[in-house]
Each structure stands twice: as structure tokens, then as C-alpha cells.
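J.: The listed protein sequences correspond, in order, to chains F and U.
When you line the first sequence up against our numbering, it's residues 1 to 252, in that order.
When you line the second sequence up against our numbering, it's residues 1001 to 1488, in that order.
Would you mind keeping the following structure in view while I ask a few things?
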Amino acid sequence: MNRHVAVPGLLLGAFASLPLSRAENAATTPAAACSTERHEVFVPAGRYEPFYKRAERRVMPVAPMCLAAAPVTNAQYLEFVRGHPQWRRSRVTRVFAEETYLANWRDDLTPPPESLSEPVTFVSWFAADDYCESQGARLPKVSEWERAAGRQAAARASTPFAMAMGSPAADLERTPLQLKGIWEWTEDFNSAVVSGRASGAQGTDPSLFCGDGFRAVDASDYAAFLRYSFRSSLHADFTLKNLGFRCTREAP
Amino acid sequence: MKPFPLLALASLCCIAPVHGASQSSTPVEEIRGEERAAMTSAPFVPPPITRRYATKVLLDLEVKEHTKQLADGVNYTYWTFGDDAPGKFIRIREGDLVQTRLSNHPDNTVSHNVDFHAATGPGGGGEASFVAPGHSATFTWRAMRPGLFLYHCVAAPAGLHLANGMYGLILVEPKQGLPKVDREFFIVQGEFYTDGAYGEPGDQHFDLNKAIHEEPEYVVFNGRVGALMGENALRAKTGESVRIYLGNAGPSLVSSFHIVGEIFDSVYGEGGTVANQHNVQTTIVPVGGSAMVEMVADVAGSYQLVDHSMFRAFNKGAMGALQIEGANRPELFSGRQAEEIFNPGTHLQRVAMVASTPPAPAAPAQKSAPGDRGHELYSTICTACHQPDGRGMQGTFPPLAQSDFLAKDVDAAIRVLIEGRQGPITVNGKAYDGAMPNFSLVDEDIAAVLSYVRRNFGNSGATVTPADVRRVRGLLAQASPPPEEQPQ
């Protein structure tokens, strides 16, 4: 915004006390760059340590992002399938979503009425990926999701199961980041699986079973074990009762 | 000239032994036909295998995560193969080819798999069967070795899956079968790590801290407190041979399995195929392992099954029962033959009795004077079962606190202390079915301890005198003649 407006000199003094321009605002309060209408939470730069270490422990930086405060709801997903008919249940390509796609919806355009503001589930990775793209966003990577919602100290609590579905990082405790008791898709959900899938069903990393205690960064983080184990059992076309998603985008 | 060496060479080749099949690979039997796997729920096992060939066995296991009762009033979300922990007992034959389909119910929350200790192959099937909710996976394995084996989930974190109940037993009979017995049962010992203390009612959850420190609240047979007690006790008749297939799913504690009053004629140590020890009182069952014990039911009566680590039996639920019915064998075991006063005229010195530990907030303070004989007796004899605060143990030992049994009929209470008590009893609306020993107390002591109990633990009742006890003894003597005169 151009402040060098031609005004009478008398008023210039008054204008001199105007607040800084919007661009300068964003530089000092980065959180404002995330959209409150889209219910995003600003996640500052952070770190991620892969739960299963390779040769040595590594800590990776995670860039700041605008992460959806809550998983995508049935209502939001309904809008998406209205505008993207290829994702309606009766028309979906089977290779992109298995038979139980939107199994709890009454029909193509009728989610369960009592769950409109609840997370959408029975959606595949392909569907989630497409949804996020339609919003100008993407699925979070495992590193990003874990940085935001995989808090380890809480996981050492006595009942890991409640924590397995997420616990906000300490610096996000006061944000409206919500975890809704479902698993969530990530962009690279099978990154923990080293050897990839093979038709002989020998594809999962053998050390994910009994040997995993050695390779895990923290063998008392049972919540993380559950999360990583669950991710490694997924295929991109799976549509499960307690698996939903949220989107993220880089903070501008 | 030239052909000769060639001929010689050729004959050498023919004479020389063929360096062919490796001696180290196990030969496999030919498979004939196919059948569904024989499986039964605890504590019973399928009948012995009769076929003399290896077959293809079709095995379907479904994993369920659901809430069940761990103890009276205590709920826990079990993860089970089939409906219960332990999963069904599977009985197959050496050489069988087992086509296994593992299905993960769509309502389940986590991924599961199965590791058969009887299978030889990576993960015992763990990788091949790893499957998300709403899906199933199939793989096939050959039962190359006979024995009694555990099967269990080994998805990460494996300890949690075991601690939630995902285990069972599979018996691979040797080709020639096992010696015939009259009765067969199976028992799997396992632990539960709940956030609440033993017996605390309501919904309980897995406690990671207790698990990592190997301090379970529950150590139980066949998945819950009382699974082998009361009407669920194992039963046999005198003269019958009994084999018990034992498993220990842990996940932490080795079991010292003992049947009170019995001796195992044979033990197949660690669930192998050789009866490698005889005349054993207590056998070890390793975690993730098994054992088989055989005995003959000689003497009728009630026999407690325990993990001989005694606080597990008394305080954590590692107790079951075997009822042996039949004629008495007084030439083997007489039962009580005589009872008399014993007063040697000497006196014994003891450390001064300390007041019992402060009771739970709900229980009223115990009223006892220094040197109170009733209090002394209670602390010495009664607390082991009825607990210092008189609350007993859920499903096993009735409470004395605010007991309707004590309030109703003082003579019945005196009788219990004179004779001991066996069989069903209902106290404060709950049924119990156990055995209380006869402590052979003299009348003065019975009066003292009963008076003590009746004026404490929230009870209210008049003092019992030695004369009351003598009166009840008299009534009992009239009702049945003294032991010497009974036909034996």
C-alpha cells in the first residue's frame, strides 16, 4: 500500500500514526498468514526425529506450516463430492478406493446426519490426496504430522492407546489443534516400510515386529509404535472405519 | 587306447556316490485331502487325531477388540483371536499344511498379525499375516515339528498385544499320536496390567508403566479371574488319567505350575515330545512356552491349581480348581482322623504384636485392646484370605466386612470355625465356591476371633462365648457320629 498519498500537510501528521501495511504485519506475526476462515493452525518451524532410526539418530527440521485445526469433516467432504462427481461412491474408480469407500454414508450425497461435523472416514489416500489438492493444500508428511501431533512425553503416560491417535506438541497446546480419536492419512505413510511391498507378502520390514524395540528411538513410546505399525499396514486404496485425514500447506 | 580311460571314467562316475540331496533339509510328507481345523474353546481340547496322514488344514482366525469381564465388576478391552482370551485350542498333526487366514474385524482400531510358534518361517507368519482392520491375509505353513506351541500376535508393540489377550495354543501331535488318556484340558496363564489395582471395579485400561516394570495387577488362568473356579472348575473321576496342556503367554512372568495335593506322573517339559520327567510336584512353564502334565486322579476331593508364586495365587487371581469325584480311598489319604487338646505346659516367646495396617478409608477402625486374643488370631490366621480390612477377595474369599452371613446366624458362623467350610456360599449377594480350612481352634479361640470379627469390620453382633461354641459342637456331634465310628 502506498502511503505516499498527496494530502494536505495538516493531515499528514494524523496519517503518520497509521498502522503498518499488511505485508509488514505478516512479517512480524506469521500466524496471521494462516487462514482463520479455513480453521488453520500456524505450526512454527520444528523438528522431527524418525521413530525408527537407520544408521544413526537423525533430527530433521520441519518447515512452518498452516495445518488444518481439525480433520476434514463429513460436511466438508460432501461439498467436495458435489463438485467432484468422480469421487461419489457410486462412481468412484475401484483402484482408488476399495469397496468400503464412504460405507457409512446413506448414499452418494448423504453423509450420516448426526456426523456432519465429525471427521469423514472410510476414505482412501487417493481421495484424501485429491481433496487436499482441490483446496490448494496437500496431505501432511509423516515428519510434519509427528512434529505437530506426535508428542512423546505425553505418550509415556500410562495408557498409550489414547495417545496413539495424537497429542499436540507442547508449543501447540494453546492452539485450537484438535485430535479426534481417528488415525490420519499422511502423504508418505509407508515411509517407515523399508523394503516396500512384494507380492510374496514378505514385503513389510521384518524388523517392524520383534526387532523393533532395538531400532526405535524410544522403546517406551508405545503410542508411536501403534501409530507407525498402523501406517505400515496400510495400502493407498484402503478405506477404514477410523481413518480420516486433514490437509496442510506451507506457511506463506 | 583312448576309449579305455573314457570307459574307466564313465564307470567311475557310475560307481561314485551321487552327491545329490542335502542331508540337512527336512523331508516333507505328502499331503492328502483337506479339512477345517479342529478347534475348541477353553478349557476343552478337540479329540485326538486319528488320521495317519498329513492333510491340508484350513484355519480361520478372526481378531476382535471388545470389552469383556476380567474379574467380577472389572471390564477390560481384550484383543482376542476369536471371542476369548485364550484363543481356541487348535489340534493338528505333524506334517500338516496349515492354510491360515487371519481376519481383522473392521471395527478394530489397530493392525494385527499372528506368529505360530509351531511354524518355521520368518516371524512365524508375523509378516505374512500383518493386516489392517477390515482386511484379511492368508498364508500357508507346514507343521514340521510336533509339540505344544503358543500362537500369538506379534504386531508392534508386541508386549501390548500379548498383554491384551492375543494368544492361544496349538498342539501338533506327533505322527504316532500321544498316549491315550481319559481327560484332557488346557490352561493358559497370562497377565493383565491395569491402571486400577486388582479388583478395582469399572473400566480398566492397559498401564504401560506397570508392564515395563513387569508388575501386573492380574495373573490369571484362561484369561480372567475365576475362569477355572466354582462351576467352571475342571472335573474328573477317580481312576481317570488326566493330561493338562499348559501354556504361558506372559508377557512377563514364568509360571511354577502346581496342583495342590497332586503329583504329575509325567511331564513333557517345555511342551516337547518326550515325557522327560516323572513324579514332579511343580513344573516350570516359560513365558512364550508350554508344558504338558499327566496324572491319575487317585483321591476324591477339591484340588487347587496354582502358580506357586504364592502372592500371584492369593492376590492376583492365579488360582483354579480341579474337582475329583468318586469313592474315598482312605488307604491312600485318610482325611482327619483324630482331634484332641494339646497343652504341653510350656510357653513360647513372641515378638509383640503390631497393630494391623490402617484400613481403607471406608472401613471403620478396628476395636481391639492390647493383648486382644481375637485380634491376634485374626492377624495371624484370617488376614491371608479375608484381608486386614475384612473385604476378602473378589470371586474367591468372601468378605467379613458388613457380612450378612455373620449377622444372620451366629451358629452357622461358629460351625464354619469348628469344621472349616467347603462348597457354595452366598455373602452380601455374591456367590463364592471355595474351601476354608479347619484351623483346629479351641473353643476359647473360636469365641475370641468370632467376637472380634463381629464387633469390627462394620459388623454388629453380641460377643460369642466358649459356651456357645461348646453348644454348637454338641449339636454337630448329635447330627453326625464322631469320625471313628463312620464307615471308612
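Just so you know, even glycine gets a beta-carbon here, dropped at the ideal spot from N, CA and C.
#1: Measure the alpha-carbon distance for F/ALA251 versus F/PHE42 and round it to whole angstroms.
#2: Any idea if F/MET254 is buried or exposed, counting beta-carbon neighbours within 10 angstroms, 16 or more meaning buried?
#3: Could you pull the DSSP bridge partners for F/PRO140 from this structure?
#4: Considering only C-alpha positions, which residue in the set U/LYS1210, U/THR1050, U/LYS1180 and U/LEU1406 is nearest to U/GLY1159?
#5: DSSP has F/GLY244 in a bridge; who is on the other side?
#6: Among all the DSSP beta bridges, which residues are the ones paired with U/GLN1189?
#7: Helix, strand or coil for U/ILE1170, going by three-state DSSP, please let me know.
#8: Output, in sequence order along the chain, the residues in the region 1056-1070 of chain U whose CB is closer than 7 Å to any CB in chain F.
#9: Name the DSSP bridge partner or partners of U/THR1194?
#10: Does U/MET1353 come out as helix, strand or coil in the three-state DSSP assignment?
#11: Excluding the five sequence neighbours on either side, which residues of its own chain have a C-beta within less than 8 Å of the C-beta of U/HIS1105, listed in chain order?
#12: Look up U/ASP1443 in the DSSP assignment and say whether it is helix, strand or coil.
#13: Just checking: is the beta-carbon of F/SER233 within a distance shorter than 8 Å of some beta-carbon in chain U?
#14: Taking the beta carbon of F/ASN25 as the centre, do at least 16 other beta carbons fall within 10 Å, making it buried, or is it exposed?
#15: Quick one: does U/THR1109 have its CB under 8 Å from some CB of chain F?
#16: Below 8 Å on the Cβ atoms is my guess for F/TYR222 versus U/LEU1208; work out the distance and round it to an integer in Å.
#17: Between U/SER1255 and U/GLN1349, is the Cβ-Cβ spacing less than 8 Å?
#18: Would you give the residue range spanned by the beta strand (DSSP E) that U/TRP1079 belongs to?
#19: Please classify F/LEU226: does DSSP put it in a helix, a strand, or coil?
#20: Using a Cβ cut-off of 9 Å, which residues of the region 1114-1132 of chain U contact any Cβ in chain F, in chain order?
#21: Please confirm if F/LEU226 has its CB atom under 8 Å from at least one CB of chain U.
#22: With the cut-off set at 8 Å, would you say U/GLY1126 and U/ASN1113 are in Cβ contact?
#23: Is the Cβ of U/PHE1439 closer than 8 Å to any Cβ of chain F?
#24: Give a yes or no on whether 8 Å exceeds the smallest Cβ distance from U/PRO1157 to chain F.
#25: Check whether the region 1258-1271 of chain U touches the region 1195-1204 of chain U, taking contact to mean three or more Cβ pairs, one atom from each stretch, closer than 8 Å.
#26: Helix, strand or coil for F/GLY150 per DSSP?
#27: On the criterion of 16 or more Cβ atoms from any shown chain inside 10 Å, does U/MET1310 qualify as buried, or is it exposed?
#28: Would you call the region 1053-1062 of chain U in contact with the region 1078-1095 of chain U, where contact means no fewer than 3 C-beta pairs closer than 8 Å?
#29: Between the beta-carbon of U/GLY1165 and the beta-carbon of U/TYR1078, is there less than 8 Å?
#30: Which of the three DSSP states, helix, strand or coil, is assigned to U/PHE1314?
#31: Using only the alpha-carbon positions, how far apart do U/THR1273 and U/ILE1284 sit?
#32: How big is the Cα-Cα spacing for F/ALA69 and F/GLU98?
#33: In chain U, which residues lie with their C-beta within 9 Å of the C-beta of F/PHE161?
#34: Going by DSSP in three states, F/CYS66 sits in which element: helix, strand or coil?
#35: Does the region 1406-1418 of chain U come into contact with the region 1298-1316 of chain U, if we say contact requires no fewer than three beta-carbon pairs (one atom in each stretch) closer than 8 Å?
T.: Put simply:
#1: Taking C-alpha positions only, F/ALA251 is separated from F/PHE42 by approximately 7 Å.
#2: Residue numbering for chain F in the displayed model covers 1 to 252; residue 254 of chain F lies beyond these limits and cannot be assessed.
#3: Paired residues: none, contrary to the question.
#4: From the listed residues U/LYS1210, U/THR1050, U/LYS1180 and U/LEU1406, the smallest Cα separation to U/GLY1159 is found for U/LYS1210.
#5: F/GLU184.
#6: For U/GLN1189, which the question treats as bridged, DSSP gives the partners U/PHE1221 and U/ASN1248.
#7: Residue state, collapsed to three classes: strand.
#8: The residues in question: there are none.
#9: Partner residues in the beta bridge of U/THR1194, as assigned by DSSP, are U/PHE1206.
#10: Per DSSP, reduced to three states, the secondary structure at U/MET1353 is coil, with no helix or strand assignment.
#11: GLU1062, VAL1063, LYS1064, GLU1065, PRO1133 and GLY1134.
#12: Collapsing the DSSP output to three states places U/ASP1443 in a helix.
#13: It does: the Cβ of F/SER233 has a partner Cβ on chain U nearer than 8 Å.
#14: Unreliable positioning characterises F/ASN25 in this predicted model, as indicated by a pLDDT of 43, which lies under 50. A coordinate reading is not provided.
#15: Output row for U/THR1109: interface = yes.
#16: The Cβ separation is near 5 Å, so the contact holds.
#17: Cβ atoms of U/SER1255 and U/GLN1349: not closer than 8 Å.
#18: Looking at the DSSP string, the run of the beta strand (DSSP E) that includes U/TRP1079 is 1074-1081.
#19: Looking at F/LEU226 - three-state DSSP - the assignment turns out to be helix.
#20: The region 1114-1132 of chain U vs chain F, Cβ under 9 Å: ASP1115, PRO1122, GLY1123, GLY1126, GLU1127, ALA1128, SER1129, PHE1130, VAL1131 and ALA1132.
#21: So, interface residue.
#22: In contact: U/GLY1126 and U/ASN1113 (Cβ atoms closer than 8 Å).
#23: Residue contact with chain F for U/PHE1439: absent (no Cβ-Cβ distance below 8 Å to any residue of chain F).
#24: Yes, because at least one Cβ of chain F sits closer than 8 Å to the Cβ of U/PRO1157.
#25: Fewer than three Cβ pairs drawn from the region 1258-1271 of chain U and the region 1195-1204 of chain U lie within less than 8 Å of each other, which leaves the two stretches out of contact.
#26: Strand, per DSSP.
#27: Label assigned to U/MET1310: exposed.
#28: The region 1053-1062 of chain U, when compared against the region 1078-1095 of chain U, does touch it at the 8 Å Cβ threshold.
#29: In this structure, U/TYR1078 lies closer than 8 Å to U/GLY1165 by Cβ.
#30: It is helical.
#31: Looking at the two C-alpha atoms, the distance is approximately 16 Å.
#32: Whole-angstrom Cα-Cα distance: 28 Å.
#33: Chain order gives the chain U residues near F/PHE161 as THR1077, THR1109, VAL1110, LEU1160, HIS1205 and PHE1206, where near means a beta carbon separation below 9 Å.
#34: Strand at F/CYS66.
#35: No, the region 1406-1418 of chain U does not touch the region 1298-1316 of chain U.
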